[in-house]
Amino acid sequence: MIPIIAFEPIISFKNLIALFKTLPRKQQTFLVGIDGCGGSGKSAFAKKLQLVAPPNTTIVHMDDFYLPSAQKLPRETTAQLLCANFDWQRLESQVLKMLQSNKPGHYQRYDWTADRLAEWHNVPTGDLVIIEGIFSTRKELAEFYDFKIWIETPRDLRLERGIERDGDKARPIWENHWMPAEDN
């Protein structure tokens, strides 16, 4: 896994795409995983990468694989297992295994407002698919990727971004639950 400092990438986006073209593929579609702590800049990095990537590049967001409340473990159980609320098995079966078999992926997006699964999305086979988000490259999924990137960002900047995105009402969740769990 190549570490990337969010505000000082060690390689340009164009050079990263050029590098991908020289690397062997595990399947027809070159799979890139972009991981890092909450607020580190994974989504922004993926979007910038997509701007210089081939036109049929698809981004899949790990946030689309969050579990609806009815399927989550009790908070006491997940206090140290932040990853328990992400349905990585669904990502694996509906997207990664399909692409590995050179077939298009097809998944249902989690709707954060309605707290339920919403519309279906297609993930075509092709040149490049980027899976971005926290826990996207966890050990159970690591073997699927042709290339993995870890975004490293200072804790205070991550908190600032999280509050900006989620609002000040989310500060206690970020400070007392999310970030301490990521620190472990």
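As numbered in our numbering, the sequence shown has no gaps in its residue numbers, which increase by one up to the final residue, 196. Note that the Cβ used here is the ideal one computed from N, Cα and C, for glycine as well. Nothing here was measured: the structure is a model prediction, and the numbers come from that model.
In this structure, W186 places its C-beta atom within 8 Å of the C-beta atom of L171. Distance from the Cα of Q62 is smallest, within the candidate group K38, P36, G174, N27, for N27.
A direct Cα-to-Cα measurement between G51 and I175 gives close to 9 Å. If you draw a straight line from the Cα of Y119 to the Cα of Q83, it is about 17 Å long.
Partner residues in the beta bridge of D123, as assigned by DSSP, are R128. When the alpha-carbon of T69 is set against those of I46, E131, T41, E194, the nearest one is in T41. Counting the other CB atoms within 10 Å of its CB gives G179 a total below 16, which places it among the exposed residues. In the DSSP assignment, V64 falls within the unbroken alpha helix (DSSP H) covering 54-64. Nearest to G138 by alpha-carbon distance, out of R37, L31, I23, F25, is R37.
Sequence-distant partners of K59 (beyond 5 residues in either direction) whose C-beta falls short of 8 Å from its own C-beta, in its chain, are I71. With three or more CB-CB distances shorter than 8 Å, the stretch 148-166 counts as touching the stretch 95-104. A straight line joining the alpha-carbon of E131 with that of R177 spans about 23 Å.
DSSP places I46 within a strand segment (E or B) once states are collapsed to three.
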